[in-house]
Amino acid sequence: MKIPKKVLAFYYGWYGNPQVSGRWVHWSEVDTQGRRIGNSTHYPQLGPYDSHDPKVVEQHCRWAKEAGLDGFIVSWWHPQDFHDQGMPLLLDVAQKFGLEITAYFETVPQRQREEALRYVLYLLQRYGGHPAWLKVEGKPVLFIYGRALGEIRLEGWRWVIEETNRQHPGGAVFIGDQLSEEALQVFDGIHTYNITGALQGKSPEEIRAWARERFALVQKVPPNRLLCLTLIPGYDDSKLGRPLPRPITSRHGGQTYRILWEEALGANPDWVLITSWNEWHEGSEIEPSVENGDRELKTTAEFAPKFKKQPARSKGR
Numbered sequence: 000m001k002i003p004k005k006v007l008a009f010y011y012g013w014y015g016n017p018q019v020s021g022r023w024v025h026w027s028e029v030d031t032q033g034r035r036i037g038n039s040t041h042y043p044q045l046g047p048y049d050s051h052d053p054k055v056v057e058q059h060c061r062w063a064k065e066a067g068l069d070g071f072i073v074s075w076w077h078p079q080d081f082h083d084q085g086m087p088l089l090l091d092v093a094q095k096f097g098l099e100i101t102a103y104f105e106t107v108p109q110r111q112r113e114e115a116l117r118y119v120l121y122l123l124q125r126y127g128g129h130p131a132w133l134k135v136e137g138k139p140v141l142f143i144y145g146r147a148l149g150e151i152r153l154e155g156w157r158w159v160i161e162e163t164n165r166q167h168p169g170g171a172v173f174i175g176d177q178l179s180e181e182a183l184q185v186f187d188g189i190h191t192y193n194i195t196g197a198l199q200g201k202s203p204e205e206i207r208a209w210a211r212e213r214f215a216l217v218q219k220v221p222p223n224r225l226l227c228l229t230l231i232p233g234y235d236d237s238k239l240g241r242p243l244p245r246p247i248t249s250r251h252g253g254q255t256y257r258i259l260w261e262e263a264l265g266a267n268p269d270w271v272l273i274t275s276w277n278e279w280h281e282g283s284e285i286e287p288s289v290e291n292g293d294r295e296l297k298t299t300a301e302f303a304p305k306f307k308k309q310p311a312r313s314k315g316r
């Protein structure tokens with residue numbers, strides 16, 4: 000068995016504006032004249048948009064397809080909340096553009112494994128059968144964020160995965176946010192969301208040296224597990240009032256992202272993940288901005304096809 004190479008970006012459907020949703024959601028202190036948003040590092044080329052606006056979702060999918068992305072890992076919190084309400088539109092538009100969608104499972108209610116299972120089954124039953132849902136060998140894929148992983152620990156997720164595979168016909172593929180041998184015993188694949196903690200304050204040369212050494216972990220992942228490497232264009236969450244100092248990674252005029260892509264090609268993981276498509280609060284977006292234009296999309300379009308032409312790792316059972 001060989002798993003097709005994929006390039007996926009973490010996607011946030013949590014933005015709202017008065018024109019579409021009747022109120023501001025996630026954006027604050029919006030100054031459209033001065034093109035500034037109080038809690039966003041950069042200003043979107045599309046302005047302070049609404050994630051439920053079909054025109055916005057269509058533009059996102061068009062840009063993503065043109066840049067060589069295969070799909071989005073979509074931040075998901077609770078049934079019927081703002082994020083969940085946007086999922087059907089995103090799935091339908093993604094299907095039109097030949098993109099795939101999966102959920103980033105953000106949190107476990109009451110830190111109870113039974114609640115995690117309830118949420119997982121909700122996602123699989125409601126969306127897992129959609130033609131645009133990301134699948135591996137016909138099984139729907141879910142990504143589990145580090146917070147949700149920590150809330151019920153690896154043993155809790157081991158139980159959730161066993162129960163899901165028992166209760167949901169055909170089972171599912173779970174990719175956990177923890178790069179450890181222990182996580183490899185529980186999940187079908189592993190990843191990490193953000194590498195800025197390691198890259199903060201580094202020069203381009205230091206970023207390359209770190210990536211070359213760290214990305215070599217691909218060789219240590221057994222062939223029956225999916226290994227994802229995460230790239231960032233940069234990171235700056237200094238507008239959020241979080242405790243100082245902040246782990247800021249400079250974009251170095253686009254070099255940070257380009258260097259990480261080059262090193263990812265050398266490592267040849269199963270999938271490349273990009274943090275992020277549009278986490279504007281943390282300044283990690285590759286979506287076009289007033290400040291950076293479409294520079295990171297052009298870099299993605301240059302490297303994604305090269306990555307997907309590389310040989311896939313053979314997977315044992």
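Take 0 as the starting number for the sequence shown in numbering that gives the first Met the number 0 and just add one per residue.
The beta-carbon is built from N, C-alpha and C at its ideal position, and this holds for glycine as well.
(1) Can you tell me the Cα-Cα spacing of Pro268 and Ala303, whole angstroms?
(2) Take the Cβ of Leu68 as the centre, count every other Cβ of all protein chains shown within 10 Å, and call the residue buried at 16 or more, exposed below.
(3) Contact check, Leu216 vs Asp187 under 8 Å by CB: the rounded distance?
(4) Just list the residues that DSSP pairs Asp338 with in beta bridges.
(5) For the alpha helix (DSSP H) containing Val55, name the first residue and the last one.
(6) Under 8 Å Cβ to Cβ from Pro53, same chain only, skipping five residues before and after it: list those, please.
(7) May I ask you to list the residues that DSSP assigns as paired with Ala182?
(8) Using CA coordinates, which residue listed in Gly155, Leu7, Pro232, Glu28 is at the minimum distance from Leu239?
(9) One question on the structure: do His59 and Gly282 come within less than 8 Å of each other, judged by their Cβ atoms?
(10) For the structure I just gave you, are there three or more beta carbon pairs, one from the stretch 162-169 and one from the stretch 193-205, closer than 8 Å?
(11) Quick one: Cα of Pro17 to Cα of Leu296, how far?
(12) Have a look at Tyr256, Asn193, Tyr14 and flag the residue whose alpha-carbon is nearest the alpha-carbon of Trp279.
(13) Got a sec? Which residues, its chain only, sit under 7 Å from Trp209 by beta carbon, not counting five neighbours each side?
(14) On a CA-only basis, which of Glu212, Ser275, His25 is nearest Gly37? Give me that one, please.
(15) Taking contact to mean at least 3 C-beta pairs separated by less than 8 Å, is the stretch 2-11 in contact with the stretch 247-254?
(16) Can you tell me which of the three DSSP states Ser283 falls into?
(17) With Val271 and Leu228 assumed to form a contact (beta carbons below 8 Å), what rounded beta-carbon distance in angstroms separates them?
(18) Would you list the residues sitting across from Phe306 in a DSSP beta bridge?
(19) Alpha helix (DSSP H) containing Leu358: first to last residue?
(20) Are Ile151 and Asp176 closer than 8 Å when you measure CB to CB?
(21) List the whole-angstrom C-beta distance separating Trp132 from Glu99, where the pair is believed to meet the contact cut-off of C-beta under 8 Å.
(22) Using CA coordinates, which residue listed in Pro244, Ser275, Leu230, Ser237 is at the minimum distance from Arg257?
(23) What would DSSP say about Ala131, mapped onto helix, strand or coil?
(24) From the DSSP output, in three-state form, read off Tyr121 for me.
(25) Can the beta-carbon of Leu148 be found less than 8 Å from the beta-carbon of Glu181?
(26) Under the assumption that Met86 contacts Val73 (Cβ atoms under 8 Å), give the Cβ distance between them as a whole number of angstroms.
Concretely, from the data shown:
(1) 13 Å
(2) buried
(3) With a Cβ gap of about 17 Å, Leu216 and Asp187 do not count as contacting.
(4) Given that the chain is displayed from residue 0 to residue 316, the structure contains no residue 338 and the question cannot be resolved.
(5) 53-65
(6) Leu88, Val92
(7) Beta-bridge pairing links Ala182 to no other residue.
(8) Glu28
(9) no
(10) no
(11) 28 Å
(12) Tyr14
(13) Ala197, Leu198, Lys201
(14) His25
(15) no
(16) coil
(17) 6 Å
(18) Bridge partners of Phe306: none, in fact.
(19) The requested residue 358 does not occur in the structure, where the chain is confined to residues 0 to 316.
(20) no
(21) 7 Å
(22) Leu230
(23) coil
(24) helix
(25) no
(26) 7 Å
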